[in-house]
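Trainee: For the sequence shown, the numbering used here begins at 26 and goes up steadily by one. C-beta atoms are modelled at their ideal positions from N, C-alpha and C, and glycine is treated no differently.
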Amino acid sequence: MINFKEEIAKVIGEYVPSLSMEEIQSLIEIPQDSKMGDYAFPCFKLAKELKKAPPLIAGELAENIKENGLFSKVEAVNAYLNMFLNSDEVAKDTLAEVLEKGFNYGKSQMGENKPVIVEYSSPNIAKPFHIGHIRSTVIGNSLYKIYDALGYDVIRINHLGDYGTQFGKMICAYRHWGNKEDVENEPIKTLLSYYTKFHVEVEDHPELEEEAREIFAKLEQSSPEEVQLWQWFRDESLKEFSRVYDMLGIEFDSYNGESFYSDKMPKVEQELRDKGLLKESQGAEVVDLEEEGLGVALIKKSDGSSLYITRDLSAAVYRKETYDFYKNIYVVASQQILHFQQLFKILELMGKDWASSCVHVPFGLVRLQEGAMSTRHGRVVFLEDVLKGAVEKTKEIILEKNPNAENVDEIADMVGIGAVIFNELSNNRIKDYTFSWEQVLNFDGETGPYVQYTHARLCSLLKKAGEEAATKALNPENIDFSHLSGETATELIKLIYAYPEVVQQAGEKYEPSLITRHIIDIAQTFNKFYHDEHIVVDDEGEKLAKLALVHATRICLRNGLDLLGVKAPERM
Ligand code: ARG
């Protein structure tokens, strides 16, 4: 496919040899208002280089660029150069590429032989996998898919919160008030109730706190009884988490969580000590980051127990040794920004030159209408219930629209769960948002069901056209692209053209919502086209050209949905 930005940059590069191709490309803009062209180039920077007035440069460049024939119009407006693509050229070039690549359209090899770790989900054992956790799970899974599509070797890690003093409390509570059968029947709800009870009881019985601390110390020393209970809690919890992962269609390559690093911490602590980074402070050991404006990081408590950040230090070192990552991505809530700043800074101070390849990808809070969620106060919505609810409600909506719909359960599964995932990925990830059913399942809004519905409409159009025509339309040689020069068709084709770059940007910015927004745009633009024009028309040439566009749109929507982790049913 022609890379228009590159073509523009080549011409400009000849004009100003002192700027690099990358520099020039990064200056090329895509105007918000298409009346200003498909691409625009501000000449201010060149004015500095060349010591010439910007409008003069714009005028001279316009003449040079006109020569390559890729643009139907090139104009200089003050300091700006506005370029309008030649729609026939774009249509031919784009559709031929999409039809040829099919479900590989948007993929690339740029990440070949580069291992990338995406750490996501990472729930805490014996605590509910609530709607707040869905963000990490769904954003992380999408980033995995995006990096995979860009050709990177992705390793998916679930850094389970399966270690820490809370296990002392949990075991303590279980011994006082626990019951084996209850745990087996409903592990997480039961274990959570023990944890909540511990916090209530400890108010009147402060000695419980000490008891729990001792239990945790035994666990750290691998005392068999404690380890066995902990292992059992972990197994039961994982069974429950796996149910949710199955519903979401999500997998991991490793479940090495915090406990995995318990025997690897002394090594890192020693290294910190040897490098003179550990300081004593009231019996505890800390790394002082005050000078960096990052406070003090507690590495080892006065009772000798390790901390969350100590395990993260070991985990990072282990990951580098094991995977030799090119990037190590942590998809974790924005409340932990300071934690990751400290973590990466300590790695840097330890002299790990790869510290700069570690990235924290934070995201905002999910609120329920009644307020933020809190495990301690029992105000949680279980993700499993949310997903089941979405599937049920979707089923009702489908049956209401079409009482004779076939395979309702299967489709309701894909649409209901897809709706929840899509909703998660609709907004810029850093924004807080409030979960609302009306928003999630609205078939006409900017939602998953809307995009899926458009995809199903595209599939049914191809069916309606008949196999012969649909197959013929897959071969660009059969297509007269001049039938696609209408305004809406052109707009749609440009969106399809831009799709691979959007995927790349979503990867660079760790922002799946760029893809979500883009496929909503594609779906809306297609529906406008569908509304304005007949597709399966009598004129064979026109029909084939429009069907080629239908194919390409369908491919793009399906590929985009796939990168979000959402299925694309062919019928709805
Ligand atoms: N288990 C933690 C939580 O639920 C998230 C873990 C994040 N990952 C990490 N490497 N620290 O808050």
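#1: Among the candidates L466, A593, A570 and F285, whose CA atom is the shortest distance from the CA of V445?
#2: Between V440 and the ligand ARG, is the CB less than 6 Å from at least one heavy atom?
#3: Look at the Cβ atom of S279, then the Cβ atom of I182, and state whether they are nearer than 7 Å.
#4: Can you grab the Cα-Cα spacing for the pair T400 / L372, in whole Å?
#5: Around the Cβ of W3, are there at least 16 other Cβ atoms within 10 angstroms (buried) or fewer (exposed)?
#6: Can you find the residues in the same chain that come closer than 6 Å, C-beta to C-beta, to Y177, ignoring five residues on each side of it along the sequence?
#7: Excluding the five sequence neighbours on either side, which residues of its own chain have a C-beta within less than 8 Å of the C-beta of Y219, listed in chain order?
#8: Answer yes or no: do P67 and Y40 have a C-beta to C-beta separation smaller than 7 Å?
#9: According to DSSP, is D546 part of a helix, a strand, or is it coil?
#10: Quick one: is I580 buried, meaning 16 or more other Cβ sit within 10 Å of its Cβ, or exposed?
#11: Put G186 into one of helix, strand or coil per three-state DSSP.
#12: For a minimum of 4 consecutive residues, which ranges assigned as the alpha helix (DSSP H) are wholly contained in the region 338 to 417?
#13: Mapping the DSSP letters down to three states, classify H155 as helix, strand or coil.
#14: Would you say P224 touches the ligand ARG, meaning its beta carbon is less than 6 Å from a heavy atom?
#15: Can we count V357 as close to the ligand ARG, meaning its CB is less than 6 Å from some heavy atom?
#16: By Cβ distance below 6 Å, which residues in the same chain neighbour V356 in space, the five residues on each side in sequence not counted?
#17: Return yes when the Cβ of S339 is within less than 7 Å of the Cβ of M290, no when it is not.
#18: Looking at D2 and the ligand ARG, is the gap between the Cβ and the nearest heavy atom below 6 Å?
#19: Decide if R583 is buried, meaning its Cβ has at least 16 other Cβ atoms within 10 Å, or exposed.
#20: Tell me whether N281 is buried or exposed, calling it buried when 16 or more other Cβ atoms sit within 10 Å of its Cβ.
#21: Which partner residues does S331 have in the DSSP bridge list?
#22: Within the present structure, is the beta-carbon of L279 separated from the nearest heavy atom of the ligand ARG by less than 6 Å?
#23: Taking just the CA atoms, how far does G590 sit from E276?
#24: Enumerate in chain order the residues of its own chain whose CB-to-CB distance from E251 is below 7 Å, with the five nearest sequence positions on each side excluded.
#25: Which runs of the alpha helix (DSSP H) fall wholly inside the region 54 to 80 and span at least 4 residues, in chain order?
#26: For N149, which beta-bridge partners are listed by DSSP?
#27: Kindly confirm or deny that the region 500 to 512 and the region 109 to 125 touch, where touching means at least three C-beta pairs closer than 8 Å.
#28: Let me know if N448 comes out buried or exposed under the rule of 16 or more other beta-carbons within 10 Å of its beta-carbon.
#29: Do D546 and L588 count as a contact pair if the criterion is CB distance below 7 Å?
#30: Under three-state DSSP, which class holds N107?
#31: Quick check on the DSSP output: the beta strand (DSSP E) that includes V99 runs from which residue to which?
#32: Just tell me which of I82, G585, A573 and L390 has its CA closest to the CA of R542.
#33: Quick check on P249: does DSSP put it in helix, strand or coil?
#34: Select from E47, L120 and A490 the residue whose C-alpha is nearest the C-alpha of V561.
#35: Among residues of its own chain, excluding the 5 on either side of P501, which ones have a beta-carbon nearer than 8 Å to its beta-carbon?
Mentor: On the basis of the coordinates in this document:
#1: Residue mapping note: residue 445 aligns to position 420 of the sequence shown, counting from 1. Checking every option, the nearest Cα to that of V445 belongs to L466.
#2: Working through the sequence shown from its first residue, we reach residue 440 at position 415. No; taking the cut-off as 6 Å, the Cβ of V440 has no heavy atom of the ligand ARG nearer than that.
#3: For this step, residue 279 is matched to residue 254 along the sequence shown. For this step, residue 182 is matched to residue 157 along the sequence shown. The criterion of a C-beta distance shorter than 7 Å is satisfied by S279 and I182.
#4: In the sequence shown, the residue the question calls residue 400 occupies position 375. In the sequence shown, the residue the question calls residue 372 occupies position 347. Reliability fails at T400, whose pLDDT of 49 lies under 50, so the model's placement of it is uncertain and no value is given.
#5: Since the displayed the chain opens at 26 and closes at 597, residue 3 lies outside it and no answer follows.
#6: As a working mapping, residue 177 is identified with position 152 in the sequence shown. The answer, listed in chain order, is G136, K139 and V141.
#7: Indexing the sequence shown from 1 puts residue 219 at position 194. So the list reads M195, A198, Y199, W202 and G203, once near-sequence residues are dropped.
#8: Indexing the sequence shown from 1 puts residue 67 at position 42. Indexing the sequence shown from 1 puts residue 40 at position 15. In this structure, P67 lies away from Y40, with their beta-carbon atoms at least 7 Å apart.
#9: Here residue 546 corresponds to residue number 521 of the sequence shown, with the count starting at 1. Of the three classes helix, strand and coil, the one that applies to D546 here is helix, per DSSP.
#10: Your numbering for residue 580 matches position 555 in the sequence shown. It counts as buried.
#11: In the sequence shown, counting from the first residue as 1, residue 186 sits at position 161. Of the three classes helix, strand and coil, the one that applies to G186 here is strand, per DSSP.
#12: If you keep only unbroken alpha helix (DSSP H) runs of at least 4 residues inside the region 338 to 417, you get 362 to 374.
#13: Taking the first residue of the sequence shown as 1, we reach residue 155 at position 130. Here H155 sits in strand by DSSP.
#14: To locate residue 224, count along the sequence shown from 1; it is residue 199. Pro is not the amino acid found at residue 224; the sequence shown has His there. Answer for H224: no, Cβ out of range of the ligand ARG.
#15: Along the sequence shown, read from residue 1 onward, the residue named residue 357 stands at position 332. The beta carbon of V357 sits closer than 6 Å to at least one heavy atom of the ligand ARG.
#16: Here residue 356 refers to the residue found at position 331 when the sequence shown is read from its first residue. The answer, listed in chain order, is Y145, S161, I164, G165 and V386.
#17: Within the sequence shown, residue 290 is the residue found at index 265, counting from 1. Within the sequence shown, residue 339 is the residue found at index 314, counting from 1. Between M290 and S339, the C-beta spacing is below 7 Å.
#18: Here the chain has residues from 26 to 597 only, and residue 2 is not among them.
#19: Translated into the one-based positions of the sequence shown, residue 583 becomes position 558. Buried, by the Cβ-count rule.
#20: Position 256 of the sequence shown holds residue 281. The residue in question, N281, is buried, as its Cβ has 16 or more Cβ neighbours within 10 Å.
#21: In the sequence shown, counting from the first residue as 1, residue 331 sits at position 306. In the DSSP output, where bridge partners are listed per residue, S331 has K325.
#22: Taking the sequence shown and counting its residues from 1, one reaches residue 279 at position 254. In the sequence on display, residue 279 carries Ser and not Leu. No - the ligand ARG has no heavy atom lying nearer than 6 Å to the Cβ of S279.
#23: Within the sequence shown, the letter at position 251 stands for residue 276. Within the sequence shown, the letter at position 565 stands for residue 590. Their Cα atoms are separated by approximately 11 Å.
#24: The residue labelled residue 251 in the question sits at position 226 within the sequence shown. I196, I240, K243 and L244, listed in sequence order.
#25: The qualifying runs are 69 to 75.
#26: One-based indexing of the sequence shown puts residue 149 at position 124. Per DSSP, the beta bridge partners of N149 are G186.
#27: Yes, since at least three Cβ pairs between the region 500 to 512 and the region 109 to 125 fall closer than 8 Å, the two stretches touch.
#28: Within the sequence shown, the letter at position 423 stands for residue 448. The residue is buried, with at least 16 neighbouring Cβ atoms inside 10 Å.
#29: To locate residue 588, count along the sequence shown from 1; it is residue 563. To locate residue 546, count along the sequence shown from 1; it is residue 521. Not closer than 7 Å, so no.
#30: Taking the sequence shown and counting its residues from 1, one reaches residue 107 at position 82. Correct three-state label for N107: strand.
#31: Sequence index remark: in the sequence shown, residue 99 carries index 74 (1-based). Element bounds for V99: F96 to V102.
#32: What you label residue 542 is simply residue 517 of the sequence shown in a count that begins at 1. Checked all of I82, G585, A573 and L390; the closest Cα to R542 is G585.
#33: Within the sequence shown, residue 249 is the residue found at index 224, counting from 1. Helix.
#34: Numbered from its first residue, the sequence shown carries residue 561 at position 536. Proximity to V561 across E47, L120 and A490 peaks at A490, based on C-alpha coordinates.
#35: Within the sequence shown, numbered from 1, the residue matching residue 501 stands at position 476. These residues qualify, in order along the chain: K117, L120, A121, L124, E125 and A573.
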